[in-house]
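Chains C and G supply the protein sequences, listed in that same order.
Under this note's numbering, the first residue of the first sequence is numbered 2, with each subsequent residue one higher.
Under this note's numbering, the first residue of the second sequence is numbered 2, with each subsequent residue one higher.
Yeah, the Cβ is synthetic: ideal placement off N, Cα and C, and Gly gets one too.
Protein chains: 2
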Amino acid sequence: MSAIAAALGVSAATVSNALSGKGRVSPELIEKVRAKASELGYVPSLTARALRTGRTGVLGLVLPDIANPLFPQIAQAIENAAANAGYGVLIADSRGDIAAQTEAIGRLLERGVDGMVIVPRRGTRIADVGCPVAVIDTPSTPGNTVSADHWDGGSQMGRHLAELGHRKVLLIGTSASSNVQNDRIGGLKAGLGAQVECDTMWIEKVEAVSGEGCPLGLADKARAGFTAFAAVSDLSALRALTELQRAGIGVPETVSVTGFDDLIWSAVVTPALTTVRMDMATIADLAIAALIRAIEPEGETENGAEEVSTGNVTSETDRVPMQLIVRQSTAAPQTGRTPNLHAPTPNKPTAGEITS
Amino acid sequence: MSAIAAALGVSAATVSNALSGKGRVSPELIEKVRAKASELGYVPSLTARALRTGRTGVLGLVLPDIANPLFPQIAQAIENAAANAGYGVLIADSRGDIAAQTEAIGRLLERGVDGMVIVPRRGTRIADVGCPVAVIDTPSTPGNTVSADHWDGGSQMGRHLAELGHRKVLLIGTSASSNVQNDRIGGLKAGLGAQVECDTMWIEKVEAVSGEGCPLGLADKARAGFTAFAAVSDLSALRALTELQRAGIGVPETVSVTGFDDLIWSAVVTPALTTVRMDMATIADLAIAALIRAIEPEGETENGAEEVSTGNVTSETDRVPMQLIVRQSTAAPQTGRTPNLHAPTPNKPTAGEITS
DNA sequence: TATTCGTGCTTAAACGTTTAATCAGAGCAT
DNA sequence: ATGCTCTGATTAAACGTTTAAGCACGAATA
């Protein structure tokens with residue numbers, strides 16, 4: 002910067018003003034400065050700016066477990082939204098216990114992030130951490146900033162299944178202590194309506210007695226009259242799908258299987274999974290926007306108190322709708338009494354197709 | 002910091018020296034400074050330090066496509082290794098074309114990262130970017146710093162299949178232009194040995210004619226005598242597995258299916274996938290270590306030229322072995338002539354189990 | 001006794017910005 | 001002519017560290 006100033010015979014301050022458009026600089030000079038800047042390949046030192054202004058232009062992203070298959074979607078969306086707003090994203094993995102989460106937040110704080118988006122570990126309540134925080138969890142979590150409307154997604158799926166004619170469905174979740182999963186299950190039940198019989202299976206519970214990775218006994222459930230298995234995540238859905246297929250139960254001719262999240266494999270398995278997708282791009286945009294609103298001094302507030310808010314930030318729309326994606330794993334249930342045990346049907350089965 | 006200095010009646014410089022152990026400070030004073038520092042809850046401003054020293058303590062992580070299911074493993078390992086070394090990790094998604102990758106690198110550079118680890122987009126050669134760079138790709142890529150030994154992984158899997166008695170196997174890859182996939186396939190062929198007949202299917206090619214997500218026609222292949230399907234990624238393996246199951250072909254009684262990478266679902270599908278895992282933790286450790294070696298001034302080099310290297314960095318061990326994980330999707334092929342088309346077997350099939 | 005040296009600390013500059021305060025000059029009204 | 005205001009620029013301080021250089025003092029050396 003001082004090089005530009007020297008080359009043009011002006012002061013460094015003037016160059017700064019010219020480039021930022023802040024002070025009073027003549028239009029011609031601004032042009033000359035711009036030209037010289039790009040000529041010299043000037044790149045401002047974000048570090049120095051950070052030191053002076055106290056803002057680093059970096060946001061933190063705290064994830065409960067980076068290994069979660071949903072993470073790529075989140076990270077990608079957040080990174081994109083942040084980059085568009087001119088911010089960088091520092092990641093922090095709060096894998097492990099809650100202490101790790103606190104420690105991860107601390108590390109980000111030390112690094113001077115201007116704000117952070119946290120998708121909290123189950124059962125965590127994010128306290129005031131000393132910088133603006135956007136929480137992405139579920140609308141029913143207190144302190145939530147913005148998230149997919151999981152309940153709504155569940156109810157869409159529930160209606161889909163009910164309309165196909167299913168009357169006895171098994172809801173499959175992982176952990177009963179997850180807010181997100183409970184919301185989805187609540188939505189499913191509501192969408193299915195009162196005349197549909199449903200039961201809920203929590204995988205963690207069955208694994209607690211039968212061991213991790215144990216069979217879920219879904220074939221028995223099918224024989225017991227369940228015609229649809231609505232998992233609350235695609236991973237569980239995949240587990241259900243393969244277990245049923247392996248037992249020779251045709252999906253979707255005999256039973257339907259549905260998931261949640263539209264993870265990468267949902268579209269490539271056979272039959273492709275009917276699921277419901279969250280609009281991470283919108284969620285990320287809203288979260289980042291809310292964060293930035295808290296970070297950057299409001300345009301023209303009359304009161305001089307431009308205190309940067311230091312707590313949880315809110316979004317005007319805090320729940321974004323989910324989108325039902327109907328693929329091949331759902332169909333109307335058989336009307337006949339004996340479920341078909343073998344499924345040699347090739348591909349792309351149409352609804353109601355029966356192969357006995 | 003100046004607060005500490007004032008409280009103790011010494012200069013700020015002395016405090017700095019005391020805390021960093023650099024200058025000449027009496028031991029008692031060091032203790033007093035330490036005590037006062039923690040008493041006042043002093044946290045050094047990394048920003049100011051960065052400005053002064055020119056090092057930000059931040060590393061960049063450039064990924065070809067954050068949505069890649071393998072990404073969580075990589076990001077988690079890198080983040081962990083970096084955090085242990087006292088560095089933060091800034092992510093950059095080079096989704097899209099090669100230009101996006103260049104631009105992502107540029108953004109990181111502007112932010113003043115001390116170095117970056119890049120897992121390059123296919124066919125990209127990373128030029129000198131102006132800071133130390135660790136490339137994670139495959140040993141056969143020029144410029145590679147450290148990576149899993151994909152070829153070795155393939156050969157382990159090949160041997161496994163050959164030992165089970167498979168004599169005709171189909172190798173399934175996604176894109177023929179991927180170095181990683183080619184290495185894996187090369188290893189597979191070597192591991193299978195000369196007396197095993199094998200054929201390679203590139204999914205991108207069949208999708209180019211039959212449309213994205215089309216059936217792969219694996220059942221026909223099975224009827225044509227292939228007894229094993231060795232995919233070069235778990236995603237393809239999953240696709241193969243479900244397609245075969247759907248067609249009523251029993252895995253592993255009739256045909257075996259194998260994958261690569263040990264992605265999250267590999268263990269939960271039925272039958273659980275035999276695959277080969279890369280040791281991302283070790284890879285990340287080596288990459289970060291090599292990077293840091295280039296960044297931080299070598300302990301006691303005699304020559305004063307402590308120029309920070311600005312090109313690709315190397316690791317003393319640049320290929321880390323992969324680990325074969327045998328689960329339920331592989332078994333000895335049937336000796337009989339007619340492949341079993343239905344597979345009502347419950348779970349945990351043992352090798353060679355036949356159900357006709 | 002005069003010189004050198006080592007020790008423990010201080011001074012001051014520097015990193016590259018931003019920004020409040022100041023200033024010189026021009027135009028204009030008094 | 002004098003004072004006022006507006007404009008376009010400059011000066012200087014500040015952000016919080018690090019680090020080279022300097023300084024005072026006592027101890028060891030000549």
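W203 (chain G) bridges to which residues according to DSSP? In the second sequence, residue 203 (chain G) corresponds to position 202, counting from 1. In DSSP, W203 (chain G) forms a bridge with G:G174.
Classify E40 (chain G): buried if its beta carbon has 16 or more other beta carbons within 10 angstroms, exposed otherwise. Indexing the second sequence from 1 puts residue 40 (chain G) at position 39. Per the 10 Å Cβ criterion, exposed.
Beta-carbon separation of G124 (chain G) and S178 (chain G) under 9 Å? The count along the second sequence starts at 1 and reaches residue 124 (chain G) at position 123. The count along the second sequence starts at 1 and reaches residue 178 (chain G) at position 177. Yes, the Cβ-Cβ distance between G124 (chain G) and S178 (chain G) is below 9 Å.
Do A149 (chain G) and M2 (chain G) have their C-beta atoms closer together than 9 Å? Here the question's residue 149 (chain G) lines up with position 148 in the second sequence. Here the question's residue 2 (chain G) lines up with position 1 in the second sequence. Not a contact, by the Cβ cut-off of 9 Å.
Spell out the partners DSSP gives A163 (chain C) in its beta bridges. Your numbering for residue 163 (chain C) matches position 162 in the first sequence. Beta-bridge analysis with DSSP links A163 (chain C) to no other residue.
Please check the pair G188 (chain G) and W152 (chain G), which I expect to be a contact at CB under 8 Å, by giving their CB distance rounded to whole angstroms. Reading the second sequence from its first residue, position 187 is the one you call residue 188 (chain G). Reading the second sequence from its first residue, position 151 is the one you call residue 152 (chain G). 4 Å between Cβ atoms; contact.
When you compare the CB of P272 (chain C) with every CB in chain G, is at least one pair closer than 9 Å? Numbered from its first residue, the first sequence carries residue 272 (chain C) at position 271. Yes, because at least one Cβ of chain G sits closer than 9 Å to the Cβ of P272 (chain C).
Any chance the region 159 to 175 of chain G sits against the region 201 to 210 of chain G, with 3 or more Cβ pairs inside 8 Å? yes
9 Å is my cut-off, CB to CB: does V90 (chain G) come that close to chain C? On the second sequence, position 89 is the one that residue 90 (chain G) refers to. Yes, V90 (chain G) counts as interfacial toward chain C.
Along chain C, in chain order, which residues have C-beta atoms closer than 7 Å to that of F72 (chain G)? Counted from its first residue, the second sequence places residue 72 (chain G) at position 71. Those are P73, listed as they occur along chain C.
Against chain C, with Cβ distances strictly below 9 Å, would L9 (chain G) count as a contact? For the purposes of this step, residue 9 (chain G) is identified with residue 8 of the second sequence, where counting begins at 1. So, not an interface residue.
Is there a C-beta anywhere in chain G that falls below 9 Å from the one on W203 (chain C)? Numbered from 1 along the first sequence, position 202 holds the residue referred to as residue 203 (chain C). No, no contact with chain G.
Would you give the residue range spanned by the alpha helix (DSSP H) that F72 (chain C) belongs to? Reading the first sequence from its first residue, position 71 is the one you call residue 72 (chain C). Looking at the DSSP string, the run of the alpha helix (DSSP H) that includes F72 (chain C) is F72 to N85.
Could you confirm whether any beta carbon from chain G is found closer than 9 Å to the beta carbon of L292 (chain C)? Counting from one through the first sequence, the residue named residue 292 (chain C) turns up at place 291. No - not a single Cβ of chain G is within 9 Å of the one on L292 (chain C).
Going by alpha carbons, who is nearest to D221 (chain C) out of C:D235, C:G249 and C:E198? Within the first sequence, residue 221 (chain C) is the residue found at index 220, counting from 1. The shortest C-alpha separation from D221 (chain C) is found at C:G249.
Residue nearest to G214 (chain G) in terms of C-alpha spacing, selected from G:A36, G:K33, G:R240 and G:E104: As a position in the second sequence, residue 214 (chain G) is number 213, starting the count at 1. For G214 (chain G), the nearest C-alpha among the options comes from G:R240.
Pick from G:S156, G:A223 and G:T315 that is closest to L171 (chain G), judged by C-alpha positions: To locate residue 171 (chain G), count along the second sequence from 1; it is residue 170. Answer by Cα proximity: G:A223.
Spatial distance of C132 (chain G) from G107 (chain G) (CA atoms): Within the second sequence, the letter at position 131 stands for residue 132 (chain G). Within the second sequence, the letter at position 106 stands for residue 107 (chain G). Their Cα atoms are separated by approximately 11 Å.
Any idea if S12 (chain C) is buried or exposed, counting beta-carbon neighbours within 10 angstroms, 16 or more meaning buried? Residue mapping note: residue 12 (chain C) aligns to position 11 of the first sequence, counting from 1. Counting Cβ neighbours within 10 Å, S12 (chain C) comes out exposed, since fewer than 16 surround it.
Does the count of Cβ pairs from the region 259 to 275 of chain C and the region 281 to 297 of chain G closer than 8 Å reach three? Contact fails: fewer than three Cβ-Cβ distances are below 8 Å.
Sequence-distant residues of the same chain with beta carbon closer than 7 Å to G10 (chain G), five excluded per side: The residue you call residue 10 (chain G) lines up with position 9 of the second sequence. Within the same chain, G10 (chain G) has no close Cβ partners at all.
What do you get for E303 (chain C), buried or exposed, if any count of 16 or more other CB atoms within 10 angstroms of its CB means buried? The residue labelled residue 303 (chain C) in the question sits at position 302 within the first sequence. Any reading at E303 (chain C) must be qualified, since the residue scores a pLDDT of 47, below 50, and its modelled position is unreliable; no value is offered.
Using a Cβ-Cβ cut-off of less than 9 Å, give me the residues of the region 251 to 277 of chain C that come near chain G, in sequence order. G251, V252, L264, I265, W266, A268, V269, V270, T271, P272 and A273
How many Å lie between V309 (chain G) and G113 (chain G) at the Cα? By 1-based counting over the second sequence, the position of residue 309 (chain G) is 308. By 1-based counting over the second sequence, the position of residue 113 (chain G) is 112. Roughly 14 Å separates the two Cα atoms.
Tell me which residues of the region 36 to 52 of chain C have at least one Cβ-Cβ distance to chain G shorter than 9 Å, keeping chain order. V44, P45, S46, L47, T48, A49, A51 and L52
Spatial distance of E244 (chain C) from A273 (chain G) (CA atoms): Indexing the first sequence from 1 puts residue 244 (chain C) at position 243. Indexing the second sequence from 1 puts residue 273 (chain G) at position 272. Taking the straight line from one Cα to the other gives about 10 Å.
With 8 Å as the limit, tell me which residues of the region 159 to 193 of chain G have their beta carbon closer than that to any beta carbon of chain C; keep them in chain order. none
DSSP three-state call for T275 (chain C): helix, strand or coil? As a first step, residue 275 (chain C) must be located in the first sequence, where it is residue number 274. Looking at T275 (chain C) - three-state DSSP - the assignment turns out to be strand.
Name the DSSP beta bridge partners of N313 (chain C), please? As a first step, residue 313 (chain C) is located in the first sequence; it is residue number 312 there, counting from the start. BP columns for N313 (chain C) point to C:V134.
Run of the alpha helix (DSSP H) containing S39 (chain C), from where it starts to where it stops: By one-based count along the first sequence, residue 39 (chain C) stands at place 38. Element bounds for S39 (chain C): P28 to E40.
Strictly under 9 Å for the Cβ-Cβ distance: is P216 (chain C) near chain G by that measure? Taking the first sequence and counting its residues from 1, one reaches residue 216 (chain C) at position 215. P216 (chain C) counts as touching chain G.
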